[in-house]
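Below: one structure, written as structure tokens.
In this note's numbering, the protein residues as written are 170 to 461.
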């Protein structure tokens with residue numbers, strides 16, 4: 170038995186872990202990945218850790234606390250070779266990379282903090298939309314927009330980007346400021362929702378409803394023009410920067426995005442949408458021809 174003030178020459182893994190402030194499981198992991206050489210076993214078959222092993226364990230713990238990855242530590246110790254046991258390993262390049270990583274993480278945290286503050290100021294889901302969109306809606310009083318309006322803008326922004334959603338915002342501004350148009354929108358939405366799977370696509374109601382939807386869209390267009398919202402749209406086109414900072418990358422094409430967004434529309438309702446879209450396009454073309 171050792172005297173009380175005489176330290177042992179070697180210790181078991183539990184004692185090594187306790188002194189280094191880590192767990193025995195962590196030490197075994199260091200052995201497995203080649204970060205800490207596995208010491209010889211004693212007569213009882215257990216590993217015995219000496220002074221150099223403890224130095225290495227303290228290095229590992231301190232560098233891990235600084236954010237150095239285990240892989241980078243292993244590289245640094247490997248490049249230092251056996252001298253790493255007697256001298257500090259050369260980790261200058263590792264620390265330089267870590268500094269770059271930390272700078273990038275700080276920038277990311279700053280962006281997230283700005284996003285959180287914006288959500289707190291604007292509320293959800295309005296704060297989830299890009300500034301290009303929310304700027305167009307900023308003059309509306311609280312509660313003027315419905316949650317379904319904001320949901321639609323969120324989907325449009327994902328598919329067509331901030332510019333597409335900013336243009337679509339004109340429709341919701343017109344609905345929010347014209348109660349009669351909002352009432353007609355609600356009526357048409359309910360009628361279209363009634364075109365379930367029990368309605369045949371060639372049902373006369375489908376085409377009748379499409380005509381009504383087209384007329385409503387034309388009325389919305391007139392309200393948009395009367396309010397000067399179309400002029401605001403043209404200005405957005407002029408100043409819009411496709412590389413807005415902070416926006417999600419739009420690597421997916423609009424066509425691909427549309428096919429991945431589920432809509433539980435019956436064949437009858439899909440036909441109604443298609444007919445209404447065609448009629449609206451024709452009506453716009455006729456209007457432009459008359460104006461020219």
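Ideal placement from N, C-alpha and C gives every residue a C-beta, glycine not left out.
Straight-line spacing of the CA atoms in residue 178 and residue 287 works out to 60 angstroms.
Listed in chain order, the beta strand (DSSP E) elements of length 3 or more contained wholly in the stretch 227–308 amount to none. Exclusion of the five residues before and after residue 453 leaves no residue of its chain whose Cβ lies closer than 7 angstroms to its Cβ. Check the Cα spacing between residue 303 and each of 337, 279, 425, 395: the tightest is with 337. Between residue 357 and residue 438, the C-beta spacing is not below 8 angstroms. Distance from the CA atom of residue 335 to the CA atom of residue 388, rounded to whole angstroms, is 20 angstroms. Excluding the 5 residues flanking it on each side, residue 181 has same chain C-beta neighbours closer than 8 angstroms at 215, 216, 217, 218, in chain order. The three-state reading of DSSP puts residue 216 in strand, counting E and B together.
Proximity of the stretch 294–314 to the stretch 267–275 falls short of the contact definition, fewer than three beta-carbon pairs being nearer than 8 angstroms. Judged by their CB atoms, residue 333 and residue 325 are nearer to each other than the 8 angstroms cut-off.
One alpha carbon belongs to residue 279, the other to residue 296, and they sit about 17 angstroms apart. Judged by DSSP in its simplified three-state form, residue 442 adopts helix.
Judged by beta-carbon spacing, residue 236 lies within the 8 angstroms limit of residue 267, meaning their Cβ atoms are closer than that value. Under the three-state reduction of DSSP output, residue 210 falls in the strand class. Judged by DSSP secondary structure, residue 312 falls outside any alpha helix (DSSP H); it is assigned neither H nor E.
Around the beta carbon of residue 425, fewer than 16 other beta carbons lie within 10 angstroms, which makes this residue exposed.
Per DSSP, the continuous alpha helix (DSSP H) segment holding residue 183 begins and ends at 182–189.
When 428, 318, 354 are compared, the shortest CA-CA separation from residue 384 is found for 354.
Distance from residue 348 to residue 323 at the Cβ level is roughly 24 angstroms; contact not present, criterion being Cβ atoms closer than 8 angstroms. CA-to-CA, the gap between residue 370 and residue 435 works out to about 9 angstroms. The DSSP-derived three-state label of residue 454 is helix. Closest in C-alpha terms to residue 331, from the list 391, 340, 198, 405, comes 405. Collapsing the DSSP output to three states places residue 385 in a helix.
Annotation for residue 200: the continuous alpha helix (DSSP H) segment containing it runs 193–201. DSSP, read as helix, strand or coil, puts residue 364 in coil. The distance from the Cβ of residue 230 to that of residue 190 is about 6 angstroms, consistent with a contact at the 8 angstroms cut-off.
Around the beta carbon of residue 242, 16 or more other beta carbons sit within 10 angstroms, so the residue counts as buried.
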